[in-house]
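Its first residue numbered 1, the sequence shown is counted upward by one per residue in our numbering.
Virtual Cβ for every residue (Gly too), placed ideally from N, Cα, C.
Written out below as structure tokens is the structure these notes cover.
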Amino acid sequence: MTLLSLSRQGFSRKMLAFFAVLLLSTGLWSCTPEDDAQADSPADKELEEQVLEIIRNNPEAILEAVQKYQQEQQQAQQEQQQAIAQEFQQTMTTNPKEVVGDAPVMGSEDFKVVLIEFSDFECPFCANAHSSIKTFMEKNGDTVTLAYKHLPLQQIHPQAIPAAQASWAAHQQDKFWEYHDRLFESQNQLGDRLYEEIAQELDLNLEKFQADIIAAEPTIQKDLELAQQLQLNGTPFFILASTETGKMETFSGALTPEEYEAKLSLVNTPDAKSETE
């Protein structure tokens with residue numbers, strides 16, 4: 001029985017349209033090496049002609065079916081992303097160390113309030129944020145834990161990944177933050193020469209430093225995967241969470257120290273409902 005005979009026997013236009021869309025969306029005629037031998041088979045050509053005729057005869061139903069399919073896919077993606085976001089917030093407000101992992105940290109050691117920074121050493125906005133974050137942490141380092149995650153935007157910043165690798169290599173010798181500061185201070189000079197100069201200034205073991213630059217890739221890739229999971233596509237991006245209030249704030253861009261203070265106040269202030277329980 002052919003698709004056209006089904007049409008003549010009273011199958012609804014919407015059902016036929018849906019079937020046609022299903023055939024198209026599953027890649028019925030996509031090219032693969034193993035399909036080459038069957039590419040010109042009469043059965044495939046006949047089926048293709050039947051589907052195309054349904055499309056020609058039922059354009060509105062086809063459009064409706066496609067739109068419905070797209071809406072269902074978008075809804076599923078939104079629900080999946082919401083679930084990921086909820087799970088991430090739950091982890092950040094109950095066990096932030098799991099998210100921080102082996103990332104460089106500074107400030108408080110109790111992880112009750114954690115600020116995660118996703119940054120790119122070649123990003124000018126990250127360089128602007130650098131001084132504000134330093135000022136903020138000088139004042140709040142006794143209560144806030146700052147963690148650094150790599151989000152090198154390699155498509156527009158060719159030195160973003162090499163700089164991230166060099167900073168990770170410095171981290172292996174407990175000099176991440178000093179190296180981090182120097183990279184941002186010399187952002188217009190990023191390159192192999194600068195990376196080695198900073199390593200020498202910080203009295204790093206150069207042989208180990210060079211070896212660790214190569215070994216840095218898995219860690220940077222892991223940070224990139226986390227950023228992708230959270231749908232982050234710009235830097236700097238910040239996540240601030242409190243395990244005591246269960247609150248979390250996300251924000252982007254280079255803020256002033258006062259604006260960081262305001263974000264801290266938000267996550268440290270319990271909800272009115274929580275205060276009465």
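Only residues of its own chain outside the window of five on either side were considered, and among them F111, V114, A241, T243 have a CB closer than 7 Å to the CB of P96, listed in chain order.
In this structure, the CA atom of I156 is about 41 Å from the CA atom of P270. CA-CA distance, E72 to Q90, rounds to 27 Å.
In this structure, L146 is the residue among K139, L146, R193 with its C-alpha nearest to the C-alpha of S119. Closest by C-alpha distance to I116, out of I133, C123, K45, E259, is I133. For E249, the uninterrupted beta strand (DSSP E) segment begins and ends at 248-252. In this structure, the straight-line span from the alpha carbon of S167 to that of Q86 is close to 31 Å.
Taking the Cα positions, L232 is about 32 Å away from A65. If you look at S108, you'll find it isn't in any beta strand (DSSP E); DSSP assigns it neither H nor E. By the Cβ test, the region 208-227 is in contact with the region 167-182, since at least three Cβ pairs between them sit closer than 8 Å. Membership of A160 in the alpha helix (DSSP H) is indicated by the continuous run 160-171. In this structure, the alpha-carbon of D212 lies about 55 Å from that of L63. With respect to the C-alpha of D192, the residue from P162, T94, F176 having the closest C-alpha is P162. Residue pairing by DSSP leaves L190 without any beta bridge partner.
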